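Participant:
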Amino acid sequence: MHKILAVDDDLSILEIYKEIFVKAGFEVRTAEDAVAAVTLYQQFQPDLLVLDVDMPAGGGQKVFDRLRNLFQTATPIIFSTGLPESVQHLAKLGNVAVLKKPVNPEVLIAETRRLLKLP
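For the sequence shown, the working numbering begins at 16 and goes up steadily by one.
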């Protein structure tokens, strides 16, 4: 079973992500901030990250940069944001997707499957 770590400071969004991913057959953990995300990443070792771009204590891009520097990881990442233009340049990295909030569940699962190379 593929593991997903969803990071967002909005608890209701985390619950929605959890429900969507569990229904699609994924194992999910959630974190509410950048610090918890880095700690949980180390423990859980997810196959994919879903990161909110705008969070207190470091947004999704800071989590992304920190994980890449600490663990030399190429874990696929889906950035979720109300302003996709602000991080669109990251989508050029190859294993990154940028989705506009509110995220459409079908698009979220489709992007997850694409990034994880699943049918």
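Glycine included, C-beta positions come from ideal geometry on N, C-alpha and C.
This structure is a prediction, so every number in the text was calculated from the model and none was measured.
(1) Roughly how many angstroms lie between the CA atoms of leucine 133 and alanine 125, to the nearest whole one?
(2) Nearest-angstrom Cα distance between threonine 127 and aspartate 67?
(3) Shortest alpha-carbon distance to valine 65 belongs to which of Glu121, Val122, Ile19, Lys116?
(4) Whole angstroms are fine: how far does the CA of leucine 108 sit from the CA of lysine 115?
(5) May I have the straight-line CA-CA distance separating valine 50 from tyrosine 32, to the nearest angstrom?
Facilitator: This is what the structure holds:
(1) 9 angstroms
(2) 15 angstroms
(3) Ile19
(4) 18 angstroms
(5) 19 angstroms
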